[in-house]
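I have placed the structure first, in the form of structure tokens, so that the comments after it can refer back to it.
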Amino acid sequence: MIGRNSILGHCIHMTEEELHLLRDKKAGIAHCPASNIALKSGLFDARRALTLGLKIGLGSDCAAGYNCCMLDNLRQAIITSNVLALGKENYQTITYKDAFRMATLGGAQALNMDGCIGNFCVGKEFDALLIDVESPDTPIDIFHKDIFVQQILRFKYDESIKNRHILSPF
1 MIGRNSILGH
11 CIHMTEEELH
21 LLRDKKAGIA
31 HCPASNIALK
41 SGLFDARRAL
51 TLGLKIGLGS
61 DCAAGYNCCM
71 LDNLRQAIIT
81 SNVLALGKEN
91 YQTITYKDAF
101 RMATLGGAQA
111 LNMDGCIGNF
121 CVGKEFDALL
131 IDVESPDTPI
141 DIFHKDIFVQ
151 QILRFKYDES
161 IKNRHILSPF
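Numbering of the sequence shown is given in full-length UniProt numbering, commencing with residue 1 and proceeding in unit increments.
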């Protein structure tokens with residue numbers, strides 16, 4: 001019943017054997033960190049799943065989370081990994097690159113759509129936001145030492161969005 005078109009939500013109480021089964025069956029995981037925290041249901045070990053080679057997309061589970069902002073969930077994924085590292089000397093937390101990948105290409109891979117969405121490769125479709133970072137009330141803190149992805153992580157959707165371009169029919 002589990003196969004390449006299966007996407008399992010949360011996966012916070014999975015055994016090693018179950019994770020191997022998901023990987024072998026090419027199933028995807030929807031990591032919903034804000035929802036897991038709001039429900040106090042548990043913490044998903046994204047590092048363990050990534051190390052095993054699982055397809056992981058980032059989800060919001062807006063019915064149980066605080067909001068459906070993907071960037072908030074991206075931050076929560078990093079925070080969750082940091083919490084899991086507490087007291088574990090050799091635990092490798094997920095990086096902002098790992099979290100950003102889960103929110104983009106990882107989600108496309110979990111949906112088996114990475115051939116047409118998920119990154120900026122030529123020929124792929126994407127949705128875009130035009131953001132006015134010069135606005136005096138922008139929620140973006142630009143630090144010159146930060147790289148672009150780190151700046152994006154500090155962004156929160158609001159009135160800074162000046163235009164939306166939706167290309168994907170999905």
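Even glycine gets a Cβ: it sits at the ideal position worked out from N, Cα and C.
Small disclaimer: the values here were computed from a predicted structure and weren't measured.
If distances are taken between C-alpha atoms only, which option among A108, G106, L105, R48 comes closest to E18?
On the sequence shown, residue 18 is found 18 positions in, with the first residue counted as 1. Nearest option by C-alpha distance: R48.
For T51 and S6, the rounded distance between their alpha carbons:
Reading the sequence shown from its first residue, position 6 is the one you call residue 6. Reading the sequence shown from its first residue, position 51 is the one you call residue 51. Rounded to the nearest angstrom, the two C-alpha atoms are 20 Å apart.
Could you work out which residue in I2, N36, G118, L84 is closest to L20 when comparing CA atoms only?
In the sequence shown, residue 20 corresponds to position 20, counting from 1. It should be pointed out that residue 20 corresponds to His in this sequence rather than to Leu. The option with the nearest alpha carbon to H20 is I2.
To the nearest angstrom, how far is the alpha carbon of E159 from that of I37?
Along the sequence shown, one-based indexing puts residue 159 at 159. Along the sequence shown, one-based indexing puts residue 37 at 37. Low local confidence applies: a pLDDT of 49 at E159 is under 50, so the model's placement there is unreliable, with the coordinate-based value given in what follows. Between E159 and I37, the alpha-carbon positions lie close to 27 Å from each other.
Near G118, which residues of its chain fall below 6 Å by C-beta distance, leaving aside the five closest residues on each side in sequence?
Against the sequence shown, residue 118 aligns to sequence position 118. Counting only residues of its own chain and dropping the five nearest sequence neighbours on each side, G118 has a CB closer than 6 Å to the CB of T104, L105, A108.
Which one of D61, C116, H31, G115 has the shortest CA to CA distance from A77?
In the sequence shown, counting from the first residue as 1, residue 77 sits at position 77. Comparing C-alpha distances from A77 to each of D61, C116, H31, G115 shows the shortest one belongs to H31.
In chain order, what residues of the same chain lie with their CB nearer than 7 Å to the CB of C62, ignoring the 5 residues before and after it?
By one-based count along the sequence shown, residue 62 stands at place 62. Cβ neighbours of C62 within its own chain (closer than 7 Å, five residues either side excluded): C68.
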